Every structure is written in structure tokens, then in C-alpha cells.
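Protein chains in written order, with our numbering: chain A, -9 to 416; chain B, -9 to 416.
There are 2 protein chains.
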Amino acid sequence: MFWSKIFLPTLKDTPQDAEVISHQLMLRAGMIRKVASGIYTWLPLGLRVLRKVENIVREEMNASGAQEVLMPMVQPKELWEETKRWKKMGPELLRIQDRHERDFCLGPTHEEVITDLIRNNVKSYKELPLNLYQIQTKFRDEVRPRYGVMRGREFLMKDSYSFDLNEESLQKSYMKMRDTYKNIISRVGLEFKIVKADSGAIGGDASEEFHVLAENGEDTIAVSNGSEFAINTELLLKKGEDLNSLEGKPSPDGKGVIQIKKGIEVGHIFQLGRVYSDAMGSNVLNHEGKKENLLMGCYGIGVSRLVAAAIEQNNDKNGIIWPESIAPYEVNIVAIGFDKDEKITKAALSLYEDFLSMGYEVILDDRKDGYGTKMKDAELIGIPMNVIIGKNYIEKKEIELKHRDGQSSIGTLEDIKTIFEHFKNK
Amino acid sequence: MFWSKIFLPTLKDTPQDAEVISHQLMLRAGMIRKVASGIYTWLPLGLRVLRKVENIVREEMNASGAQEVLMPMVQPKELWEETKRWKKMGPELLRIQDRHERDFCLGPTHEEVITDLIRNNVKSYKELPLNLYQIQTKFRDEVRPRYGVMRGREFLMKDSYSFDLNEESLQKSYMKMRDTYKNIISRVGLEFKIVKADSGAIGGDASEEFHVLAENGEDTIAVSNGSEFAINTELLLKKGEDLNSLEGKPSPDGKGVIQIKKGIEVGHIFQLGRVYSDAMGSNVLNHEGKKENLLMGCYGIGVSRLVAAAIEQNNDKNGIIWPESIAPYEVNIVAIGFDKDEKITKAALSLYEDFLSMGYEVILDDRKDGYGTKMKDAELIGIPMNVIIGKNYIEKKEIELKHRDGQSSIGTLEDIKTIFEHFKNK
Chain A
-9 MFWSKIFLPT
1 LKDTPQDAEV
11 ISHQLMLRAG
21 MIRKVASGIY
31 TWLPLGLRVL
41 RKVENIVREE
51 MNASGAQEVL
61 MPMVQPKELW
71 EETKRWKKMG
81 PELLRIQDRH
91 ERDFCLGPTH
101 EEVITDLIRN
111 NVKSYKELPL
121 NLYQIQTKFR
131 DEVRPRYGVM
141 RGREFLMKDS
151 YSFDLNEESL
161 QKSYMKMRDT
171 YKNIISRVGL
181 EFKIVKADSG
191 AIGGDASEEF
201 HVLAENGEDT
211 IAVSNGSEFA
221 INTELLLKKG
231 EDLNSLEGKP
241 SPDGKGVIQI
251 KKGIEVGHIF
261 QLGRVYSDAM
271 GSNVLNHEGK
281 KENLLMGCYG
291 IGVSRLVAAA
301 IEQNNDKNGI
311 IWPESIAPYE
321 VNIVAIGFDK
331 DEKITKAALS
341 LYEDFLSMGY
351 EVILDDRKDG
361 YGTKMKDAEL
371 IGIPMNVIIG
381 KNYIEKKEIE
391 LKHRDGQSSI
401 GTLEDIKTIF
411 EHFKNK
Chain B
-9 MFWSKIFLPT
1 LKDTPQDAEV
11 ISHQLMLRAG
21 MIRKVASGIY
31 TWLPLGLRVL
41 RKVENIVREE
51 MNASGAQEVL
61 MPMVQPKELW
71 EETKRWKKMG
81 PELLRIQDRH
91 ERDFCLGPTH
101 EEVITDLIRN
111 NVKSYKELPL
121 NLYQIQTKFR
131 DEVRPRYGVM
141 RGREFLMKDS
151 YSFDLNEESL
161 QKSYMKMRDT
171 YKNIISRVGL
181 EFKIVKADSG
191 AIGGDASEEF
201 HVLAENGEDT
211 IAVSNGSEFA
221 INTELLLKKG
231 EDLNSLEGKP
241 SPDGKGVIQI
251 KKGIEVGHIF
261 QLGRVYSDAM
271 GSNVLNHEGK
281 KENLLMGCYG
291 IGVSRLVAAA
301 IEQNNDKNGI
311 IWPESIAPYE
321 VNIVAIGFDK
331 DEKITKAALS
341 LYEDFLSMGY
351 EVILDDRKDG
361 YGTKMKDAEL
371 IGIPMNVIIG
381 KNYIEKKEIE
391 LKHRDGQSSI
401 GTLEDIKTIF
411 EHFKNK
């Protein structure tokens, strides 16, 4: 891609109504634009990142044996009445009426729709275990949408639902999703904790949250510095614990001491048990030919929120520092004298073609701006590797390779190509 | 994929409330299930087809130079008031209120949102021409949703919007999209006509529709049998023409005579001119540094509707006959004696691995059912190629290759592999 062709409206100044760094940088880097409170348009650069996160999620979900479906955003009231959540849910469930005055809601989650699907289409224990997922637009009418796409109203989420006949099988399904979530967040390249949590409005027996650690996290979590123990302090407050007394206190598992950290909840996994299948009569014939209600699990991961969380954990004063797995482009070529010096222009274009043929996602900065402006924008949008060609190329055949994390090295065109070929083959 | 693992609830009987063949077959083949009137869940098999159509659309749009964005489904009233469409649109525009009693609608189309984006982010003619597209869920509150996903209320659509400064440039953008749509529908593998049409609620100067020819088409079109001339008869009726008098009449372009056909509208392209940019003040600085309102085009293609249209055009009494480009799987392996005869089981599994490593999307029917049931299901879901291993494999090393279109041939394991390798390399 040529920089002059991409719709990439970067901003010099920090927008006033953006409180957290990820929101500021997503606006400044031309990734998103606001349409209404908590409702955004994803521009080409932002969408590239979103799709990369989505693909990682899809690949790991498929590898786990889960199967992809696509449920609707608009859901009929009747299903939500069966579980009594039509009344139980607060105004975050946006209720709407169609032209025939029939009641619907915008789906904030899909337990009702999937339970209805399973009760109508799965008849025997032989068809189990089953895990269905979707990557789909959700709507939650947050009372105070904030932090850009971190707590928006319309957002992209992967939600999945498992169906088993006995506890042992449910445990397996749950642990498989737990491992899958670890794989997803590790592949995205983020530091995270698995945290004991409250089941809230979803209900059910047990649940854990996945938190990306970041200073601006909305949640406070108590973690051990000597083990994997971690708990959402909300749960401790409910139990009447005094948070101040925890600091430095030994971890309940006997390993290490408790530290208080800030986290962004990007995933939440639940063992639902029979809450929904009892309410909606979702059963199959068991080994003895008798009807038995299903055990369910549900598992959510915020795809758009992961993008913001990645930025919260990876940035500096100049902009975003993308993990390579989700960078919108991998390589940026800046040629000082592009379109003026014939040799440099030719070398830059040839290098661009080389990177494309090596399979890199490359962007060439063909704009008329100077080196300073170009590097400022490159650092703002966070491209991992910048290849710089200038007068040293003419004089000494030297090219500079500048990593977004600050490292820099000098080599010939061939050196640079060799390095990149090496990386691509790894 | 093993057939026993996929969530694929096929139906033996034709559901009573499904009027057209595509709706019947999508239900019977376990592709979709109804959630509410005009609102469906896509099951794994259906979603595979939907994603293939989506990918063809995305690849052709990217090849045209258009850039992908993602706009929200929930849109604020304020934008629709600027174009006066908040009042002008009928009840198919589903209006909703959030918890703070602010008015929104579920987006049936995105002219307002994109025009707002462009007026806030594009300042100069140097940033033009620009074509932005999205593949996104739309909602239209149809008075009588019918024919399954063909005329549903919630559906998947690709919509794009072009921005130019002068007529010549708009013409170029329009013709590029016209060619792109021809490429898309040709790649999907369908017979279609480009039809002169009415601009309807979208407005603007000129528009053409893309119709997939099919007996159950909702539209009636008059086409020449000697040229590419085609017109929606709606337009002729508005002009006061008597449709009966057209049959057999010479085509207006002097080539061939008029025939009446049925078509399914899968795409619609519009030259909007300045309708929206005048209403919303979307302008850029021109070559002389003066503000000038932009010329727009808008271009829609029904992604979910294309799936149904493909079935309407390609089916027989036994089920769907998928064009290879969008088949959910390319190859189905049926082994008579699977899990009973060791040699046959081994050969089937080995063939399965071979197809996978050749890059084919293959499904192996490992269910306990008999040959008849397996072939009935294979024909119903429309897999293009069935590879059948039975006692002839043990006795004579023979395997049967049965195409969904009826052709059949016999060969050795090596023959079959050679044929498939040949196809894959083409």
C-alpha cells in the first residue's frame, strides 16, 4: 500500500474528550471515529488490526474443535421471557419494537438464542459435546460509555457456548476454552492474568475473567507475586474484605504475597450449569433413552476491546507500539528524496516489491512531507519496522532499519533483505 | 472435517412455511434456522458458504482500490434529519430510543454516516478519488419478510461509497464498481443481467441493478435476446408502458427482440451526484482553493442474498448444486464399510489426508448410516465431488468419482489423486 492512497486521517493534537491513552491514540492514528456516544466507525487502519485479532480468535477457536455460527443481533422478547431476563436485565438491554409492535432487543449476549437453537436441533447425547461460537456485533446500552471502544455500546465480540451431558465433560469443555483463551491472548502478545470472578447477570456456578494488565484498567485485581493466584477485588468486597489490609498479605495458596494491580477485562468464561437449559427445556436423550437437561458453559472475549487493551499495554509518548501479530502493517519504507532523486525512488520501489514478494505487509510513504513528519506518523501508528533510504544509500549503499521499540541498525540492501527473509522463514 | 463432528441438522421433509426452493433447501441442508420473522441464525454449513461469498466480494473490492471500513449498525437520528430521510423513510427504517431517550435507527444503508465521516476528515481534492466499503449487518423492517434470507430483515450486505470532484471522475468510479460487480457475480458462478433501474429511496441521477436470473425471482425484467439491453419492468410501468405489448418487440438498441425474464436483484449501483453532499455540506477545497461539494456514488451487493440466489439458479429435485467457488466443502468421501472393513477404513482415512494436503476442503462421512442415506445427504447439501470407496476397492482397486451434476467415473486411487492434483494446480 502507498501511504498517499490509504484513507488515514492522523491528528496532531490529542482530542479533548478522550480520557485514556488507547482512545487518544486510536483517534490520533486514524483508526476510529466517533458516530455517537459509545458508537464508532472503524477506519481502514483500525479495521486491519481488528481483523487480525478476529483471525487469531477464529483460528484458535477452530483449533479447539468449536464450530462457527452467526446469530442475529435483533432477538425476540419471547426467548428472553422464558429465562425471565426480559424483566431482570436493566436498561443496558436495549428494547425495541418493530413496525407490527412486536418486542425485540438488541443482543448483548446470546444464551437465549443458542439454547433455543440447541433444544430444537439436538436430540441425542451422541451429538455431544458441542461448542458453537460466533464473532458478532453486540449492543449494550451502557449508562456512561467511555474510553472509546474499550467500553463502547456497539462492539465486536466472540461468544461461544458449550453443551455437555455430565459434569466431567463440562469441566473438559471449560478447561479447553480456558486454554484457548490463554493461547489467544498470548498470540496477540499481551501480558495477562486469569482472575476468579463474580458471575453477575449471566448467572451460573463458577467463572473466571481474563485481564490484560494496564495502568488504566477499570478493574482492580489482587494477584500473588509467587503464583498464578488472582482474584477480582469486587468479589473480595462482596465478601466484606478490607482491601487495604491485603497489601503485602500472604497469598491464600501459600505462595508469594498479594499485590494490587489494574486490569482490563478482555475475556470471561462461565460454567452455567443448567440455569438456561432448565429455564428453556433444552434436553437430549441420555444413554438410557431418558430426557436430561444439558449442562452449559459460556465464553466471551472482546475482540474490539482487545485492540484497545493492546494499545494500553504497548505505547510510549510518540504513539502505539504494536505487537507484531496485530500490527496493521509490518514494514514501513521511508525514502528521503522520494520522487526527487531517481536512484532513491527506484531503490524504494524495488524494496517495496521485494517485501511484498517475501509476503510482508508493507506500506511505502510516498507523501510529499519531510522525513520528520513521516517518522512522527510512523511512530504514531506504530509500525514495527521502518526501513529508511537516504543519501547514505547513494554514497555508501547503506540503508537504516529502525525498530519501533527504539533499536536501529545499518546495512546494505542485501543485508536488509536477508534479515527479513530470515524472519519470514521463522 | 468428519461428518459426525459437524453440527449439521439436515431435514428429510420440506418445512411447510418455506415457499421458494432456496429457502426450503437452506433449511433442509442445515444452513440456517429461523429465530423470528425475517431473522435467521446461520449454522456452520451455511456460514461457510456465506464467508466464501464475502471473501470473493472483499477480494474484488480490494482489487478495485476500494478500502474497507466498518460503520455502526446503530445510527443517530441527527444525521438522518440532515438529509430529511428520518421523516421521508417509511417504517422499514426501524427507529429506536436509548436509555436516555435519544433517537437512533438500525441502519438499512449508510449514506448519512459515510457523508458525515468524509466531511469531517477529507479536506482537499488531493485526497480524492476515494471509495470506502464495508461488509456489514443491515436491518430493514420489511412489512412482509419472506423467502428466508432472500428478503429477510437482518442481512449481510456489502455497501460502498465513492467520492469524486467532477463528473468524469464519478463516471470512472461508477464504471469501476460496475466492472467489479460483474467480476464478483461471475466468480460466484452465476448467470446475471445488468438492468436499468429506478433510484427509489436512495435518490440520485442514474442507477443499474444486477439481477441473477431465476424462475422464482421477485422482479420482472425485459431483456434483449440479441444484446446486453435489459430494463426493470417497474421502470417501464412508471412510464406507462403496457408490458403485454413488449413481448417479441424489437429491442430499443436495434439488436434482437425483447423477452420477459424473472430476476433476483443482488446488486444495485447508483450515481448519487450531490444529493447527500449538498444536504450535509460535504465539501473539499478544489484546485483553486474554493470549497466544492462532492459527487457521490453508492454501490450495494447483497452477500446473504447471493447465497440464496445461487441456490435458486443451481438445484435439482435432490438438493443444492453448488458452484465450486462457494461450495461449503469441495470433496465428500463416502466409504462403504467404514469402521467395519479395516482396508476400506484405512484407504478412506488416507485419502482424506491426501485431499487435505492437496489443499482441498474435504469432509469424510464417518456416520453409521448406510450408503443411500449418505448419498442423499451429500446431494442435499450439494458437495461438488463425491469420492466413493467400496468393495470394488478391495477386489479391483477401483474408486468411483461422482460429480454432483451427475457425471461419474471409475479409477484407481492414483488416478483419482492425479485428477484432483491437476484441478488444484489449474
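Where a beta carbon is used, it is the ideal one built from N, C-alpha and C, also for glycine.
Here the structure is a predicted model, which is why all the values come from computation and not from measurement.
Can you tell me which of the options puts its alpha carbon nearest to the alpha carbon of residue i?
{"i": "residue 206(A)", "options": "273(A), 160(A), 136(A), 275(A)", "result": "136(A)"}
{"i": "residue 186(A)", "options": "287(A), 259(A), 144(A)", "result": "259(A)"}
{"i": "residue 53(B)", "options": "38(A), 386(A), -9(A)", "result": "-9(A)"}
{"i": "residue 248(B)", "options": "110(B), 217(B), 255(B)", "result": "217(B)"}
{"i": "residue 241(A)", "options": "120(A), 264(A), 211(A)", "result": "211(A)"}
{"i": "residue 144(B)", "options": "401(B), 21(B), 25(B)", "result": "25(B)"}
{"i": "residue 95(B)", "options": "39(B), 112(B), 131(B)", "result": "131(B)"}
{"i": "residue 70(B)", "options": "60(B), 59(B), 84(B)", "result": "84(B)"}
{"i": "residue 102(A)", "options": "127(A), 62(A), 117(A), 125(A)", "result": "62(A)"}
{"i": "residue 370(A)", "options": "-5(A), 6(A), 17(A)", "result": "17(A)"}
{"i": "residue 179(B)", "options": "303(B), 341(B), 367(B), 346(B)", "result": "303(B)"}
{"i": "residue 381(A)", "options": "318(A), 319(A), 332(A)", "result": "332(A)"}
{"i": "residue 342(B)", "options": "330(B), 325(B), 254(B)", "result": "325(B)"}
{"i": "residue 28(A)", "options": "156(B), 88(B), 82(B), 375(B)", "result": "88(B)"}
So residue i contacts chain B; which residues on that side make the cut at Cβ distance below 8 Å?
{"i": "residue 89(A)", "result": "81, 82, 84, 131, 133"}
Are the C-beta atoms of residue i and some chain B residue less than 8 Å apart?
{"i": "residue 25(A)", "result": "yes"}
{"i": "residue 155(A)", "result": "no"}
{"i": "residue -4(A)", "result": "yes"}
Please compile the residues from chain A whose C-beta is within a distance smaller than 7 Å of the C-beta of residue i.
{"i": "residue 62(B)", "result": "25, 29, 30, 31, 144"}
{"i": "residue 127(B)", "result": "63, 127"}
{"i": "residue 37(B)", "result": "58, 59, 60"}
Please tell me whether residue i has its Cβ less than 8 Å away from any Cβ of chain A.
{"i": "residue 57(B)", "result": "yes"}
{"i": "residue -1(B)", "result": "yes"}
{"i": "residue 122(B)", "result": "yes"}
Within 8 Å of any Cβ in chain E, is that where the Cβ of residue i sits?
{"i": "residue 34(A)", "result": "Absent here is chain E; the protein component of the structure consists of chains A and B."}
Taking residue i as the query, report the chain A residues whose CB atoms sit under 8 Å from its CB, ordered along the chain.
{"i": "residue 66(B)", "result": "25, 26, 29"}
Which class does residue i belong to by DSSP, given the choice of helix, strand or coil?
{"i": "residue -3(B)", "result": "coil"}
{"i": "residue 215(B)", "result": "coil"}
{"i": "residue 271(B)", "result": "coil"}
{"i": "residue 170(A)", "result": "helix"}
{"i": "residue 57(B)", "result": "strand"}
{"i": "residue 126(A)", "result": "strand"}
{"i": "residue 223(B)", "result": "helix"}
{"i": "residue 365(B)", "result": "helix"}
{"i": "residue 84(A)", "result": "coil"}
{"i": "residue 185(A)", "result": "strand"}
{"i": "residue 261(B)", "result": "strand"}
{"i": "residue 28(B)", "result": "coil"}
{"i": "residue 101(B)", "result": "helix"}
{"i": "residue 252(A)", "result": "strand"}
{"i": "residue 319(B)", "result": "coil"}
{"i": "residue 373(B)", "result": "coil"}
{"i": "residue 121(B)", "result": "strand"}
Within the present structure, is the beta-carbon of residue i separated from the nearest heavy atom of the ligand FAD by less than 7 Å?
{"i": "residue 392(B)", "result": "For the structure depicted, the ligand FAD is absent and the ligand set is empty, with no information on it obtainable."}
Strictly below 7 Å CB to CB, what residues from chain B border residue i?
{"i": "residue 400(A)", "result": "By Cβ distance, chain B contributes nothing, its closest Cβ being about 34 Å from residue 400(A), past 7 Å."}
Checklist entry - When Cβ atoms are compared, which residues of the region 94 to 112 of chain A fall closer than 8 Å to chain B? => result 94, 96, 103, 106, 107, 110, 111, 112
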